[in-house]
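In the numbering used here, the protein residues as written are 47 to 266.
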């Protein structure tokens with residue numbers, strides 16, 4: 047295992063521990079407040095009817111903020127490694143645990159009365175539905191595989207044009223060529239014949255005919 051992979055593994059477990067600790071703090075601080083009726087306050091200039099349990103006011107924001115930071119550390123580290131990626135389960139873990147608190151205290155009120163606290167029971171139903179509904183995605187084989195055993199991403203950059211079809215370069219048309227190019231012997235008599243025809247037709251004067259004839263003979 048190289049140094050980079052080892053660092054990612056360590057950060058992944060550190061993030062998982064922080065997330066678990068944050069969820070535990072939120073869970074316990076909620077129970078501490080519900081033990082005294084579900085409402086409390088601390089500090090401020092007003093008269094407080096019910097003081098919050100010691101440490102409860104600090105545990106709740108600490109658990110939420112710390113849990114989000116830990117979840118980010120875990121998600122970034124786990125995304126570069128093969129294996130489980132449980133980031134999405136944090137949502138279900140939060141709402142199912144808090145929904146359990148609502149149900150427990152709604153069915154067994156902390157004041158010892160025999161009645162039911164319907165407000166807490168309804169909140170419990172809502173929280174359990176919010177936490178349980180995403181778990182239905184685990185029945186999808188592809189989603190479950192990506193969550194519990196995903197492949198490590200490739201470190202090689204992907205060429206977007208790798209699979210693109212390469213257009214064939216059109217062949218440049220070749221100029222037409224004569225199969226039997228004329229030889230010097232054939233071209234000189236033909237040129238002289240054309241000059242003679244032009245001279246007979248009057249297109250060339252005697253001097254022009256003699257000059258053209260001389261050039262053909264010199265070039266040939």
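Yeah, the Cβ is synthetic: ideal placement off N, Cα and C, and Gly gets one too.
Check for me: the alpha helix (DSSP H) holding residue i runs from which residue to which?
| i | result |
| --- | --- |
| residue 143 | 135–153 |
| residue 192 | 187–194 |
| residue 260 | 252–265 |
| residue 165 | 164–178 |
| residue 81 | 49–81 |
| residue 87 | Careful: residue 87 lies outside any alpha helix (DSSP H) and carries neither H nor E. |
| residue 104 | 102–124 |
Within 10 Å of its beta-carbon, does residue i have 16 or more other beta-carbons around it, so buried, or fewer, so exposed?
| i | result |
| --- | --- |
| residue 194 | exposed |
| residue 228 | Unreliable positioning characterises residue 228 in this predicted model, as indicated by a pLDDT of 47, which lies under 50. A coordinate reading is not provided. |
| residue 136 | buried |
| residue 252 | exposed |
| residue 123 | buried |
| residue 249 | exposed |
| residue 190 | exposed |
| residue 101 | exposed |
Taking the alpha carbon of residue i as the point to measure from, which residue in the options has its own alpha carbon closest?
| i | options | result |
| --- | --- | --- |
| residue 96 | 104, 105, 86, 103 | 86 |
| residue 55 | 197, 128, 138, 145 | 128 |
| residue 184 | 256, 132, 89 | 132 |
| residue 66 | 48, 190, 139, 245 | 139 |
| residue 197 | 125, 81, 57, 89 | 125 |
| residue 262 | 98, 241, 251 | 241 |
| residue 192 | 130, 163, 104 | 130 |
| residue 264 | 237, 188, 186, 99 | 237 |
| residue 78 | 98, 187, 246 | 98 |
| residue 74 | 168, 89, 104, 167 | 104 |
| residue 178 | 161, 134, 255, 167 | 134 |
| residue 167 | 243, 233, 245, 80 | 80 |
Do residue j and residue i come within 9 angstroms of each other at the CB atom, strictly closer than that value?
| i | j | result |
| --- | --- | --- |
| residue 69 | residue 113 | yes |
| residue 108 | residue 153 | no |
| residue 76 | residue 106 | yes |
| residue 82 | residue 156 | yes |
| residue 165 | residue 145 | no |
Using a Cβ-Cβ distance cut-off of 9 angstroms, determine whether residue i contacts chain B.
| i | result |
| --- | --- |
| residue 102 | Of the chains in the structure shown, none is chain B; there is only one protein chain. |
Is any non-hydrogen atom of the ligand GDP found closer than 8 angstroms to the C-beta of residue i, if you look at the structure I gave you?
| i | result |
| --- | --- |
| residue 174 | The ligand GDP is not part of the structure shown, which contains no ligands of any sort. |
Evaluate contact between the stretch 55–62 and the stretch 117–131, counting only Cβ atoms and requiring at least three cross-stretch pairs below 8 angstroms.
yes
### Task
Could you say if the stretch 165–183 and the stretch 147–154 meet the contact criterion of at least three C-beta pairs nearer than 8 angstroms?
yes
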